[in-house]
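Mapping the sequence shown onto the UniProt record's numbering, position 45 (from 1) lands on 45, and the numbers just tick up by one. We treat Cβ as the ideally placed atom computed from N, Cα and C, and that holds for glycine. Remember, predicted model here, so these are calculated numbers, not experimental data.
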Amino acid sequence: MEEALGNCKAKSWRRLSKLWLKRLRVSRLPKATFDFDKKKIHELEGDLSSVKERSDKYNKKYKGLKEKFSTGKSSDYTVIGDNTLILKDKLAMCRTSNYSKYVEDILDVLFNPEVLGNSVIRGIKGTTKSVLDPKIINDAQHHVAAKFSISIQLVRCAIRQKLNACHKINKNMD
Numbered sequence: 001m002e003e004a005l006g007n008c009k010a011k012s013w014r015r016l017s018k019l020w021l022k023r024l025r026v027s028r029l030p031k032a033t034f035d036f037d038k039k040k041i042h043e044l045e046g047d048l049s050s051v052k053e054r055s056d057k058y059n060k061k062y063k064g065l066k067e068k069f070s071t072g073k074s075s076d077y078t079v080i081g082d083n084t085l086i087l088k089d090k091l092a093m094c095r096t097s098n099y100s101k102y103v104e105d106i107l108d109v110l111f112n113p114e115v116l117g118n119s120v121i122r123g124i125k126g127t128t129k130s131v132l133d134p135k136i137i138n139d140a141q142h143h144v145a146a147k148f149s150i151s152i153q154l155v156r157c158a159i160r161q162k163l164n165a166c167h168k169i170n171k172n173m174d
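Structure representation (structure tokens):
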């Protein structure tokens, strides 16, 4: 028994049997599969490189967009309030002669007329109208109040007037 183990690296029968089983498994595989595997590996490497190139392209595009909008500021947008974005061109077109006209123009930029006609500033029980987004409304109120040095109550009154006017227009259209 020691003679059989003497030439082998294994120091026990168990280890020797495991080594022989491994050799038998490898020797039973046909040689053609190794060539096929090399060809297949080469094809898969080519596919993998093309997928990586496409992935890198999209990652660069995503990173560029993420950097552009990560601060919430873009070259085309300006921030009013804390987190409401408005296109600079549209904000520049708002009439600044009077705060009520400015409120009307900003609401037209932020919301479409149908939403304005079917909404209220604050939700009241029993109303069927939806509530405008409070964050956007608060940002617009504070922006207008700071720009014209007026109270927020006057801005709310101008918003209500705009909502009522849009409601009347939508009602007459139907």
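Backbone secondary structure at SER130 - three-state DSSP: strand
Buried or exposed by the 16-neighbour rule on C-beta atoms within 10 Å, applied to LYS162: buried
Neighbourhood of GLU2 by C-beta, 7 angstroms cutoff - its chain only, sequence neighbours within 5 removed: The predicted model places GLU2 with a pLDDT of 48, which falls under 50 and marks its position as unreliable; any figure quoted below should be read in that light. Hits under 7 angstroms: none found.
Exposed unless 16 or more other CB atoms sit within 10 angstroms - verdict on GLN141: buried
Own chain residues within Cβ distance below 8 angstroms of VAL120, not counting five before or after: Closer than 8 angstroms at Cβ, skipping near neighbours: THR127, LYS129, SER130, VAL131, LEU132 and LEU163.
Pick from LYS101, ILE152, ALA145 and GLN153 that is closest to ALA165, judged by C-alpha positions: LYS101
Cβ distance (whole Å) where ALA158 is taken to contact ILE152 below 8 angstroms: Not quite, the Cβ-Cβ distance comes to about 11 angstroms (not below 8 angstroms), so this is no contact.
Test item: CB-CB of TYR99 and ILE137 under 8 angstroms: no
Extent of the continuous beta strand (DSSP E) to which ILE80 belongs: Per DSSP, ILE80 belongs to the beta strand (DSSP E) from 77-80.
Helix, strand or coil at SER55 according to DSSP, with G and I counted as helix: helix
Distance, LYS57 Cα to LYS39 Cα: 28 angstroms
Contacting residues, own chain, Cβ-Cβ under 8 angstroms from VAL109 (five flanking each side not counted): ILE86, LEU87, LYS90, LEU91 and CYS94
Span of the alpha helix (DSSP H) around ILE106: 99-110
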